[in-house]
Amino acid sequence: MAPLLQVRDVAKFYGSRVGCRDVSFDLYPGEVMGIVGESGSGKSTLLGCLAGHLAPDAGAVIFDTAVDGPRDTLKMSEPERRMLGRTDWAFVHQHARDGLRMGVSAGGNVGERLMAVGARHYGDIRRAAVDWLGRVEIAEDRVDDRPTAFSGGMQQRLQIARNLVTGPRLVFMDEPTGGLDVSVQARLLDLLRGLVREMGLSAIIVTHDLAVVRLLADRLMVMKDGHVVETGLTDQVLDDPQHGYTQLLVSSVLQV
Amino acid sequence: MNEYNFAYLDEQTKRMIRRAILKGLAIPGYQVPFASREMPMPYGWGTGGVQVSAATLVPEDRLKVIDQGADDTTNAVSIRKFFERTAGVETTEETGRATLIQTRHRIPEEPLTEDQILVYQVPIPEPLRFLEPRETETRKMHALEEYGLMHVKLYEDISQHGAIATAYAYPVKVEGRYVMDPSPIPKFDNTKLEMAAIQLFGAGREQRIYALPPWCDVVSLDFEDYPFEPSKADHACDLCGAVESYLDEVIVDDAGGRMFVCSDTDYCRGRRAAGHVGAQGVPTEEGAA
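Chains as they are written, first to last, in the numbering used here: chain A, 3 to 258; chain B, 25 to 313.
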């Protein structure tokens with residue numbers, strides 16, 4: 003099977019400071035990859051580089067596009083990359099406010115991606131929006147409410163619906179459960195796990211919460227100071243950490 | 025004449041504006057930035073339209089200025105006087121006799137000809153502005169033809185009001201490429217945007233000029249199941265009896281009394297002069313209105 007995403011020696015510098023460097027990995031269809039590490043370890047920088055939000059200083063990000071086969075997204079023209087960003091890719095922000103249009107109703111938020119790829123039938127758009135709100139457990143009668151009237155957990159679920167409505171193949175998630183209380187986190191994780199399995203999505207999840215990757219990720223990458231210090235199957239890395247930093251990370255989790 | 029240069033602006037400025045106009049005509053619907061000047065009137069009073077008119081006027085022109093269809097409101101009167109004083113051109117209230125028409129928020133009812141130029145005053149030239157506040161982002165969206173957001177606005181209209189409730193400044197797509205704000209004309213006028221006259225749009229505060237060449241392809245955005253509908257008050261003009269013109273609703277007393285009259289005053293006067301009388305109208309002498 004061909005990898006969906008091949009990352010080769012990606013590096014990003016902020017002046018003389020290292021954002022991330024020498025990052026290489028393959029992501030296969032249906033696979034969920036977790037990236038963990040402390041604040042400032044370069045996780046979000048890496049995700050930004052992969053998703054095309056930041057321009058890496060070196061490396062290649064080769065995505066297996068639906069139309070043209072494997073292509074280096076960094077060498078694509080901006081229109082192509084932005085098109086990819088609203089069709090095959092999805093990006094779930096840590097703060098739902100960054101990923102939603104707060105002045106537009108929930109239905110409009112979900113419908114935007116459909117309209118951006120050419121849907122012009124109101125009834126169809128609305129049906130898809132209601133269907134997707136249902137899938138993320140938002141009641142149909144909230145379809146015309148604005149996200150400002152939603153709780154934090156609902157906003158996050160709305161953001162997920164908005165991203166998945168066009169049937170992407172690769173989802174980037176930046177701390178999807180950050181800022182939510184634990185019971186809401188649990189439900190969201192449950193939902194995400196269901197959707198990822200059901201749609202056969204590949205995903206890259208950046209988080210500092212080891213519980214999130216334990217539940218969602220097949221594979222794990224541990225970052226420290228812009229480098230990848232350890233990779234492996236999630237359970238393997240978490241249960242038998244080899245690198246000193248990973249051992250510290252695993253042992254830092256509070257046991258209740 | 026007087027101490028002003030012809031049509032107030034200096035020749036270098038007019039040249040700069042004409043360049044922007046030519047570029048706008050070459051790329052229909054594209055907003056051309058230009059170095060808008062301070063004009064002796066406040067922003068929002070038509071500083072963009074006035075600059076475009078000043079750059080387009082020649083001494084032989086006959087100028088008509090309309091504000092919401094009317095020739096006799098403050099904005100129209102003051103701009104007409106401005107050009108009478110600074111350009112010394114002849115002015116008229118008759119649509120058919122004018123060679124250059126500066127307008128605010130209306131297109132005259134009488135079809136324009138290829139000898140005429142219609143100049144619009146534009147408050148906000150960017151159709152995507154209220155959806156996307158960042159100028160860098162909207163420029164990119166125009167450049168990459170990413171117009172899905174425009175339909176989000178129409179979607180919101182339908183979901184909240186059951187129909188596309190946008191009644192003025194209704195977005196259009198020009199020549200299959202640029203989405204354009206036709207300035208706050210009622211959507212009733214959108215169908216007239218494909219016309220024989222050159223149409224120029226000037227936004228002074230926002231420093232943008234855009235244009236539609238004659239018979240340019242202009243399509244109002246809509247949904248397949250909610251098609252575009254030009255709308256007007258379902259009534260006839262109470263003064264001249266016209267049923268096909270755009271109407272203003274006028275409250276006439278404190279008891280809820282109202283009348284509908286043509287918003288295009290010249291059109292209404294012309295019809296009354298030709299003997300048409302509406303439900304509340306009285307036959308008038310030519311020019312008595």
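For glycine and all other residues, C-beta sits at the position ideal for the given N, C-alpha and C. Since this is a predicted model, take the numbers as computed values, not measurements.
Through-space distance from residue j to residue i, alpha-carbon basis
i              : j              : result
R201 (chain B) : V230 (chain A) : 46 Å
G71 (chain A)  : D211 (chain A) : 34 Å
L124 (chain B) : E156 (chain B) : 34 Å
G101 (chain A) : K226 (chain A) : 27 Å
M174 (chain B) : F154 (chain B) : 10 Å
A312 (chain B) : V106 (chain A) : The predicted position of A312 (chain B) is uncertain, since its pLDDT is 47 and thus under 50; a value taken from the coordinates is nonetheless stated next. C-alpha separation (whole angstroms): 51 Å.
D91 (chain B)  : G70 (chain B)  : 10 Å
L172 (chain A) : D66 (chain A)  : 10 Å
T75 (chain A)  : L7 (chain A)   : 10 Å
G87 (chain A)  : A163 (chain A) : 15 Å
G172 (chain B) : G113 (chain A) : 9 Å
V56 (chain B)  : P66 (chain B)  : 22 Å
R99 (chain A)  : G154 (chain A) : 9 Å
K216 (chain B) : A151 (chain A) : 41 Å
Q157 (chain A) : M201 (chain A) : 21 Å
M3 (chain A)   : V132 (chain A) : 35 Å
V12 (chain A)  : L56 (chain A)  : 12 Å
Residue i: first and last residue of the uninterrupted alpha helix (DSSP H) it sits in
i              : result
D192 (chain A) : V184 to M201
R251 (chain A) : This sequence places Leu at residue 251 (chain A); Arg is not what is there. L251 (chain A) -> alpha helix (DSSP H) spans G246 to S254.
Y202 (chain B) : That residue, Y202 (chain B), is in no alpha helix (DSSP H); its beta strand (DSSP E) goes Y202 to M204.
K177 (chain B) : G172 to H185
Contact with chain A by residue i, beta-carbon distance below 8 Å
i              : result
L152 (chain B) : no
D241 (chain B) : no
F212 (chain B) : no
I148 (chain B) : no
H166 (chain B) : no
D249 (chain B) : yes
G299 (chain B) : no
E253 (chain B) : no
A313 (chain B) : For A313 (chain B), the pLDDT reaches just 45, beneath the cut-off of 50, and the residue's location in the model is therefore unreliable, leaving the point undetermined.
L173 (chain B) : yes
Y234 (chain B) : no
For residue i, the three-state DSSP class (helix, strand or coil)
i              : result
K256 (chain B) : coil
Y144 (chain B) : strand
F93 (chain A)  : strand
Y124 (chain A) : helix
M156 (chain A) : helix
A313 (chain B) : Because the pLDDT of A313 (chain B) is 45, which lies under 50, any placement of that residue in the model is unreliable, and the number read from its coordinates should be weighed accordingly. Coil at A313 (chain B), not helix or strand.
L155 (chain B) : coil
F212 (chain B) : helix
V12 (chain A)  : strand
S107 (chain A) : coil
D241 (chain A) : helix
S26 (chain A)  : strand
Y32 (chain B)  : coil
D91 (chain B)  : strand
D272 (chain B) : strand
A191 (chain B) : coil
Q223 (chain B) : strand
Boundaries (first-last residue) of the beta strand (DSSP E) holding residue i
i              : result
A205 (chain A) : S204 to V208
M175 (chain A) : L172 to D176
W244 (chain B) : Note that residue 244 (chain B) corresponds to Ser in the displayed sequence, not to Trp. First-last of the beta strand (DSSP E) with S244 (chain B): V242 to S244.
M283 (chain B) : R282 to C286
L222 (chain A) : R221 to K226
L124 (chain B) : L124 to R128
F65 (chain A)  : A60 to T67
Residue-level contact to chain B via CB, residue i, 8 Å cutoff
i              : result
P170 (chain A) : no
E80 (chain A)  : yes
M117 (chain A) : yes
Y16 (chain A)  : no
G54 (chain A)  : no
H106 (chain A) : Going by the sequence as given, residue 106 (chain A) is Val instead of His. True, the Cβ-Cβ gap to chain B drops below 8 Å.
R122 (chain A) : yes
D211 (chain A) : no
I140 (chain A) : no
I162 (chain A) : no
E282 (chain A) : Outside the shown range of chain A, which is 3 to 258, sits residue 282 (chain A), and nothing can be said about it.
I127 (chain A) : yes
D146 (chain A) : yes
G42 (chain A)  : no
G110 (chain A) : yes
Checklist entry - Which residues, in order along the stretch 55-79 of chain B, keep a beta-carbon less than 8 Å from a beta-carbon of chain A? => result Only those residues of the stretch 55-79 of chain B whose C-beta falls short of 8 Å from the nearest C-beta of chain A would be listed, and there are none.
Checklist entry - For the stretch 76-103 of chain A, which residues have a beta carbon sitting closer than 9 Å to at least one beta carbon of chain B? => result E80, P81, R84, M85, R88 and R103
Checklist entry - Closer than 7 Å, Cβ to any Cβ of chain A: which residues of the stretch 184-216 of chain B, in chain order? => result Q184
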